[in-house]
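0 is the number of the first residue of the sequence shown in numbering that gives the first Met the number 0; add one for each residue after it. Okay, structure first, notes after.
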Amino acid sequence: MDFLNRLRSLAHRCWPWVRIPFWIGMGLLFGFVLPYTLVLNKRVQDRFNDLVFAVPTRVYARPLPLAAGTPMTPAALELELIFAGYSNDGHGEVAGSWVKQGSRYTIASRGYAGPDGGELPKRVRVTLGKGTVQSVQDMAGDKKIALTHLDPARIATLYGATQEERRFVHLADVPPLLVSGLQAVEDRDFNHHIGIDFGAIARAAFANLRAGHTVQGGSTLTQQLVRNLFLSRDQTFARKINEALMSLLLEAHYSKGRILEAYVNDVFLGQQGGQAVHGFAAASEFYFGRRLQDLRPQEIALLVGMVKGPSYYDPRRTPKRALTRRNLVLQEFFDTNLLNAGQLNAAQAAPLDIVNNGQLPHNRFPAFMELVRSQITADFDEQALREGNLSIFTTLDPAAQLYAEQAITSSLTGLGKRGDGVQAAGVVTNVQSGDVLAMVGSRTPGDPGFNRALDARRPMGSTVKPFVYLVALTQPERWNLASLMDDSPVAMRQPDGSMWTPQNDDHRSHDPLTMVDALAHSWNLATIHLGLSVGLPRIKSFLESFGLTDVNPSPSLLIGAIDLAPFQVAQLYQYLAADGHALPLVAVRGVLDGSGRTIKRYQVQGGKGEYQEAVRLTTWAMQQVAEYGTASSIGNSGLAWLHAAGKTGTSNDMRDSWFAGFTGEHLAVFWMGRDDNKPTTLFGATGGLRAWRNLFAKLPTRPLSAGVGDGLEMAWINPGDGKRTESQCQGARQVPVIAGSLSVDTEGCFWQGVQSLFGAGQPSPATTAQPPATTVPIGN
């Protein structure tokens, strides 16, 4: 009782001295601190309750199929592996690695989820030989497998407002060593403190005082997260107070697991240009090219060590410093019983094993990506693409794309001064599916500017001619490939009163001339006469069936007076390459959401083929173009084994050079010309065809069949009357015809002997037609 009385007396005597500070303190508490804390509390809860990390949309190439018989060369396979971020580590045991032993490749795939289901990681042995995959073996069961796929290369990233590279991962999917190791190095009392670790602060203060400079920090993982989510990096007293208060509030409202999961996904771990790498999952792909779940102890230790200073310990720029830091972290793992002595020694002896280039492509192939955007904008707006955490799986073939780029670059370089100022574009597709495998929009492939493959409408020249012949061949009762063509001069009055007098490229007429030779040598006059006989309205209607508009039904259409982009020309030729199936060209296969669920699949339904016999006749005739016609350099360049079908094209005054051709697996269309529309001095055979040859000199592909297709038969024909004859008869030509279109009777050589006796029916020599001074060749 006496004690309480003395205490009251003391308080009474001191009250006058503490009264003012007390009321000031109470005023600050209720007037500022409490309201300010409530404001901070609302800010913390609002932000954290609705915490949605900015995860960019990733765009992928097609998965690489590997099956026995698939065309493949060592150079192409290694190009695919390197582009997909695989490393040649000499063992091929860790996911994302490979090793070569003679003709055999041991590849440890990473697995992937795709619109068609995807595949699990596996270790396979791929044996190559004779330009194909000879066998694929699953090394786990030591058994052959019919088909497997390697995970696709990432080709682009669509970022939102911030250039933050991140892949969200749930805490349950994070390797336990990373979770425990992160706490061991950065915050050993994480599971017990209230957001601020006063013991750690005291230890850090003592260590820094003893060293004379900052050597240790005392902030918790919670404080680091608060700093990343809510605050700036300013070293001010107000910022430190805010950090402490918000850390306490965060711990008061949320579980340790929720806080740690947010930290794992948000921590800054590197930079590539303007792209910041956030979270351990994204960092795993950026530095090691593998999923977070596949990392080894030494790789986990490096990432944990980089939390202290991602730039200072960057393993690409300062590998020695990064190695020292990694080994120090491994030692801490050992000291906290996370690793045993054997694991420690093995991990510290291992190299860094950083992939050469981080897999953070922003837009590696701008021309192709423009096509991708154009094909999915009906389903996804720009905001959804940039902020939707989507995975877009495209049809791009990295080898085809890179080889197409090289083909254009080397072709223009090989032209010397003639190549100055010449632009180029190219499109490569799969003939069976209509998948767009590659697109180049400029002589500078990475140029994000004008996409000539999609947007440059240029006269297509003689690349239109196969479709004129195709329409004719749909009437086998009138025409076949041995039918004689009229190649005489043409003079037609135009609506403005002027005369249209087109010429062959050599300014000559060629009689007698069969249809197959007219196409092989690309003679204009024969094509014009044929087209007029077929009927311009029919040819116009056929072209418009492919979605073309503004097709001018003038005679000049027959030799290329129609402006199309290379992509449109590829769409036309896809019909021929696909054996008469009208397949739309597609660049996207499917879209997955952030959880790996397919939300959109793009599938092409191939309809019943049309005019297939006529298409096969046209294809055979186009193979003659490559054998002895305007594209004969294909055979001369060592590509005769492809039995390719194609057509050259040159527009007025040699302003545009085209070549469109296909093998049994790939179609490629190349264009060269000038943006200012000046002459290039290039024919189709010296420009576009050069790029085509350069592409197929490297691209693994299947040859086109050299035989006649179903529904056709080979026949000896007398071009003079289009009837069957015998092989020994003068002028007889053996060509494929539609089965049943000719009488089975053979007329023999009797009438030729009679005509020879009376001097009738002798073929006249080719005559030279002297063109008027105003004549301009329109296409070749």
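The beta carbon of each residue, even a glycine, is placed where N, CA and C say it ideally should be.
- Beyond the five residues adjoining it in sequence on each side, E260 comes within less than 7 Å, by CB distance, of H169, L170 in the same chain, given in chain order.
- For a cut-off of 8 Å, the C-beta gap from T147 to M71 is around 13 Å, too long to register as a contact.
- Between the alpha carbons of K255 and H191 lies a distance of about 9 Å.
- Under the three-state reduction of DSSP, L389 is assigned to coil, being neither helix nor strand.
- For D434, DSSP records a beta bridge to V585.
- Contact between E250 and R226 fails: their C-beta atoms lie close to 15 Å from each other, not under 8 Å.
- Nearest neighbour of N717 by Cα position, chosen from H642, S742, F229, turns out to be S742.
- Residue pairing by DSSP places G628 opposite no residue, since no beta bridge is assigned to it.
- Approximately 6 Å separates the beta-carbon atoms of L480 and A620; this is inside 8 Å, confirming the contact.
- Boundaries cannot be given for Q292, as no alpha helix (DSSP H) includes it and DSSP labels it neither H nor E.
- Pairing V427 with V568, the inter-Cα distance amounts to about 11 Å.
- Runs of the beta strand (DSSP E) lying entirely within the segment 421 to 478, each at least 3 residues long, are 422 to 429, 435 to 439 in chain order.
- In this structure, M459 lies near G648, with their beta-carbon atoms less than 7 Å apart.
- Contact annotation: R122 and A281 have beta-carbon atoms that are not nearer than 7 Å.
- The Cβ atoms of T700 and T662 lie closer than 7 Å to each other.
- With 16 or more other Cβ atoms from the protein chains shown falling within 10 Å of its own Cβ, R732 counts as buried.
- Residue range 122 to 128 is occupied by the beta strand (DSSP E) that includes V125.
- Judged by beta-carbon spacing, A659 lies beyond the 7 Å limit of T526, meaning their Cβ atoms are not closer than that value.
- 7 Å or more divides the Cβ of I538 from the Cβ of V624.
- Annotation: F285 to V303 spans about 14 Å, alpha carbon to alpha carbon.
- CA-CA distance, D434 to V585, rounds to 5 Å.
- Residue state for M484 is assigned as coil, using DSSP reduced to three classes.
- Inside the segment 674 to 756, DSSP marks whole alpha helix (DSSP H) runs of 4 or more residues at positions 687 to 695, from first to last along the chain.
- Annotation for I154: the continuous beta strand (DSSP E) segment containing it runs 153 to 157.
- Residue pairing by DSSP puts M498 in a beta bridge opposite R492.
- Where R537 is concerned, there is no enclosing beta strand (DSSP E), although the alpha helix (DSSP H) around it starts and stops at 535 to 543.
- Here DSSP, grouped into helix, strand and coil, assigns M138 to coil.
- By the C-beta criterion, the segment 393 to 409 is judged to be in contact with the segment 687 to 700, since at least 3 inter-stretch pairs fall below 8 Å.
- As computed with DSSP, V98 is found in a beta bridge with T105.
- Looking only at L469, V489, H528, T617, the smallest Cα-Cα distance to L483 is reached by H528.
- According to the DSSP assignment, D378 belongs to no beta strand (DSSP E), since it is labelled neither H nor E.
- Residue range 597 to 600 is occupied by the beta strand (DSSP E) that includes R600.
- Comparing C-alpha distances from Q292 to each of Q431, P174, L359 shows the shortest one belongs to P174.
- In terms of CA proximity to L220, Q182 leads the group Q182, G496, K677, R316.
- Linking L177 to E185 through their CA atoms gives a straight-line distance of about 12 Å.
- In this structure L453 does not touch E331 by the C-beta definition: roughly 55 Å separates them, more than the 8 Å allowed.
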